[in-house]
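Chemist:
In the working numbering, the protein residues as written are 331 to 433.
#1: Between residue 408 and residue 334, what straight-line distance do the alpha-carbon atoms span, to the nearest angstrom?
#2: With 7 Å as the threshold, decide whether the Cβ of residue 331 is near any Cβ in chain C.
#3: So, is residue 374 buried or exposed, given that buried needs 16 or more other C-beta atoms within 10 angstroms?
#4: Suppose contacts are defined by Cβ-Cβ distances below 7 Å. Is residue 376 in contact with residue 347 by that definition?
#5: Can you list, in chain order, the residues of its chain whose CB lies under 7 Å from that of residue 354, leaving out five sequence neighbours each side?
#6: Using three-state DSSP, classify residue 364 as helix, strand or coil.
#7: What are the partner residues of residue 386, as DSSP defines its beta bridges?
#8: Looking only at its own chain, which residues have a Cβ that is under 8 Å from the Cβ of residue 418, when we skip the five neighbours before and after it?
#9: Determine the direct distance from the alpha carbon of residue 431 to that of residue 389, and round the result to whole angstroms.
#10: Distance, Cα to Cα, residue 349 vs residue 363?
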């Protein structure tokens, strides 16, 4: 959350925060995988600030709708979703194609 706060405030006080600052100012894709929960109000405000600047906040939370059988499948699902955000092809998890029509 310290790194998130640095990015949200534009501090650029270390290499990660500086790289994020450059990504945002050049309108490049920035995905932050914040992992500390539960969130407090300061965390939420910092996430909002980064989102308003064009970043994507992606907490690495497992999705259970595909009914994973192993922890590896849960990790693959999260990694696959992040790769999708960057347009990187993968075969880690099937993509959601919406609901199929009944009939």
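We treat Cβ as the ideally placed atom computed from N, Cα and C, and that holds for glycine.
Modeler: The short version:
#1: 20 Å
#2: Among the chains in the structure shown there is no chain C, since it carries only a single protein chain.
#3: exposed
#4: no
#5: 360, 383, 384, 385
#6: coil
#7: 361
#8: none
#9: 31 Å
#10: 15 Å
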